[in-house]
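**Q** Those sequence lines, one after another, are chains A and B.
Here the first sequence stands for residues 1187 to 1292, where the numbers follow the numbering used here.
Here the second sequence stands for residues -4 to 162, where the numbers follow the numbering used here.
Virtual Cβ for every residue (Gly too), placed ideally from N, Cα, C.
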Amino acid sequence: MITLGDYLVVSAILFTIGFAGVMLRRNLIVILMSLELMLNAANLSLVAFSRFRVGANGLPDYNAQVFVFFVITVAAAEVAVGLALLVALYRARQTTDVDDITSLKF
Amino acid sequence: MSPFLFWIFAVLTVIFGAAVVLNRNPVASALSLVVSFLGLSALFMSLDAFFVGIIQVLVYAGAVMVLFLFIIMLLDIRAEERRRINWLAAAGGIGVAVILLIQICIVIGHFQSARRTFPPLARSTTDDVRNIGQLLFNNYNLPFQIIGVLVLVATIGVVLLSRREPR
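Right, dumping it as structure tokens:
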């Protein structure tokens, strides 16, 4: 049978992949995609806990699913703003590579 | 849900998630992300969260991915040319990620409830969307309004950011 831990491990692996993407990739678009991956990994563990915590009425804990709804909304807004910033940056510098954007680097 | 289906979708999600990071071409990364999100949506549905699974497909595979592909097309981003890889930085990044994964797995290993299976659900008289909607508009009404303001601010911000500077 599938346990809660299986879902949590899948979620942890997905989060690590997203984290590694943010650390390793130099392309801003791929970094944004990796951020989405991390947010979705968190959503997976939230939904798994929601299903695990069955209340007295025999229904899953819907509070966690409402929280997932909020996370998805914030993620969508974040992607829109991030991509607009990317377009503005591309207009100014003609690059999407983080190695070329070093004005604030110490 | 049978364990067989769980493992199929879990492996699908993880493999295509890794493909997002490993692909050199941003278009291939975006399409891998779509497949990864579809697998994740199947995992949500295996947890009886049908509403969340559906909005996962609608919002991510529908809206967010179109946005990504549109920007890639608009900026005409090619596959990255092969740069000199900074091996020290790459090893550091992978090392930190692996340490993070090991730490999370240790925490899950110490978590007693992680070894338990999911308790059975009662047959619900109302559907998923209705239950979530009632909670959203009763208990979480204020956060819902705030989220609405956030989306409005994001919309205005995007318009402002992508506007050309007047000369």
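(1) Among 30/B, 122/B, 104/B, whose alpha-carbon lies nearest the alpha-carbon of residue 52/B?
(2) Below 8 angstroms, can you find three or more Cβ-Cβ pairs linking the region 1243 to 1256 of chain A to the region 35 to 53 of chain B?
(3) Roughly how many angstroms lie between the CA atoms of residue 158/B and residue 140/B, to the nearest whole one?
(4) Under 7 angstroms Cβ to Cβ from residue 1282/A, same chain only, skipping five residues before and after it: list those, please.
(5) So residue 86/B contacts chain A; which residues on that side make the cut at Cβ distance below 7 angstroms?
(6) Can you find at least 3 beta carbon pairs, one from the region 1219 to 1226 of chain A and one from the region 1235 to 1249 of chain A, that sit closer than 8 angstroms?
(7) Can you pull the chain A residues whose beta carbon is under 9 angstroms from the beta carbon of residue 117/B, in chain order?
(8) Below 8 angstroms on C-beta distance, what does residue 62/B contact in chain A?
(9) Could you check if residue 1289/A is buried or exposed, using at least 16 other CB atoms within 10 Å of its CB as the buried criterion?
(10) Mapping the DSSP letters down to three states, classify residue 1259/A as helix, strand or coil.
(11) Along the region 117 to 132 of chain B, what residues have a CB closer than 7 angstroms to any CB found in chain A?
(12) Find out if the Cβ-Cβ distance for the pair residue 7/B, residue 34/B is shorter than 8 angstroms.
(13) Answer yes or no: do residue -1/B and residue 1188/A have a C-beta to C-beta separation smaller than 8 angstroms?
(14) Quick check on the burial criterion: 16 or more other C-beta atoms within 10 angstroms. Buried or exposed for residue 1211/A?
(15) Assuming residue 1225/A is part of the alpha helix (DSSP H), what are its boundary residues?
(16) If you scan the region 67 to 141 of chain B from start to end, which runs of the alpha helix (DSSP H) of 4 or more residues do you find wholly inside it?
(17) Tell me where the alpha helix (DSSP H) around residue 54/B begins and ends.
(18) For a contact meaning CB atoms closer than 7 angstroms, what does residue 1194/A contact in chain B?
(19) Taking only the alpha-carbon atoms, compute the straight-line gap between residue 1246/A and residue 1232/A and give it to the nearest angstrom.
(20) Taking the alpha carbon of residue 1193/A as the reference point, which residue from 1274/A, 1234/A, 1202/A, 1220/A has its own alpha carbon closest?
(21) With 16 other CB atoms within 10 Å as the buried threshold, where does residue 1265/A fall?
(22) Comparing C-alpha positions only, which one of 1270/A, 1209/A, 1218/A, 1274/A sits nearest to residue 82/B?
(23) For residue 25/B versus residue 72/B, is the C-beta spacing smaller than 8 angstroms?
(24) Taking Cβ positions only, does residue 57/B come closer than 8 angstroms to chain A?
(25) Going along the chain, which residues of its own chain have a beta-carbon closer than 8 angstroms to the beta-carbon of residue 116/B, five neighbours each way excluded?
(26) Over what stretch of residues does the alpha helix (DSSP H) that includes residue 1192/A continue unbroken?
(27) Which same chain residues, not among the five before or five after residue 28/B, have their C-beta less than 6 angstroms away from its C-beta?
(28) Are the C-beta of residue 47/B and some C-beta of chain A separated by less than 8 angstroms?
(29) Below 8 angstroms between beta carbons: does that hold for residue 146/B and residue 1263/A?
**A** A quick look at the data gives this:
(1) Locating residue 52/B in the second sequence gives position 57, where the first residue counts as 1. The option with the nearest alpha carbon to residue 52/B is 30/B.
(2) yes
(3) Mapped onto the second sequence, residue 158/B falls at position 163. Mapped onto the second sequence, residue 140/B falls at position 145. Taking the straight line from one Cα to the other gives about 27 angstroms.
(4) Taking the first residue of the first sequence as position 1, residue 1282/A is located at position 96. Closer than 7 angstroms at the Cβ level, and outside the excluded window around residue 1282/A, lie 1213, 1214, 1215, 1272, 1276.
(5) For the purposes of this step, residue 86/B is taken as the residue at position 91 of the second sequence. Residues of chain A passing the Cβ test: none, with the nearest at roughly 10 angstroms.
(6) no
(7) Start at 1 with the first residue of the second sequence, and residue 117/B comes out as number 122. By Cβ distance, chain A contributes 1240, 1243, 1244, 1245.
(8) By 1-based counting over the second sequence, the position of residue 62/B is 67. Simply 1265, 1266, 1269.
(9) Along the first sequence, one-based indexing puts residue 1289/A at 103. Exposed.
(10) By 1-based counting over the first sequence, the position of residue 1259/A is 73. The answer is helix: DSSP assigns residue 1259/A an H, G or I state.
(11) 117, 119, 126, 127, 130, 131
(12) Translated into positions along the second sequence, residue 7/B becomes position 12. Translated into positions along the second sequence, residue 34/B becomes position 39. In this structure, residue 34/B lies closer than 8 angstroms to residue 7/B by Cβ.
(13) Along the second sequence, read from residue 1 onward, the residue named residue -1/B stands at position 4. Along the first sequence, read from residue 1 onward, the residue named residue 1188/A stands at position 2. No, the Cβ-Cβ distance between residue -1/B and residue 1188/A is not below 8 angstroms.
(14) Along the first sequence, read from residue 1 onward, the residue named residue 1211/A stands at position 25. When all chains shown are included, residue 1211/A counts as buried.
(15) Stepping through the first sequence from its first residue, residue 1225/A is reached at position 39. Per DSSP, residue 1225/A belongs to the alpha helix (DSSP H) from 1214 to 1238.
(16) 82 to 105, 123 to 133
(17) What you label residue 54/B is simply residue 59 of the second sequence in a count that begins at 1. Premise fails: residue 54/B is in no alpha helix (DSSP H) and is neither H nor E.
(18) The residue given as residue 1194/A occupies position 8 in the first sequence. In chain order: 103, 109.
(19) Looking up residue 1246/A in the first sequence gives position 60. Looking up residue 1232/A in the first sequence gives position 46. Cα-Cα distance, rounded: 12 angstroms.
(20) Counting from one through the first sequence, the residue named residue 1193/A turns up at place 7. Comparing Cα-Cα distances from residue 1193/A to each of 1274/A, 1234/A, 1202/A, 1220/A, the minimum goes to 1234/A.
(21) In the first sequence, the residue the question calls residue 1265/A occupies position 79. So residue 1265/A counts as buried.
(22) Here residue 82/B refers to the residue found at position 87 of the second sequence. Closest by alpha carbon: 1209/A.
(23) For the purposes of this step, residue 25/B is taken as the residue at position 30 of the second sequence. For the purposes of this step, residue 72/B is taken as the residue at position 77 of the second sequence. Cβ atoms of residue 25/B and residue 72/B: not closer than 8 angstroms.
(24) Position 62 of the second sequence, counting from 1, holds the residue named residue 57/B. Output row for residue 57/B: interface = no.
(25) Position 121 of the second sequence, counted from the start, is the residue given in the question as residue 116/B. Same-chain partners within the cutoff: 43.
(26) Numbered from its first residue, the first sequence carries residue 1192/A at position 6. Unbroken alpha helix (DSSP H) run through residue 1192/A: 1190 to 1210.
(27) Counted from its first residue, the second sequence places residue 28/B at position 33. The residues are 15.
(28) Locating residue 47/B in the second sequence gives position 52, counting from the first residue. Cβ-Cβ to chain A under 8 angstroms: yes for residue 47/B.
(29) By one-based count along the second sequence, residue 146/B stands at place 151. By one-based count along the first sequence, residue 1263/A stands at place 77. Yes. Within cutoff.
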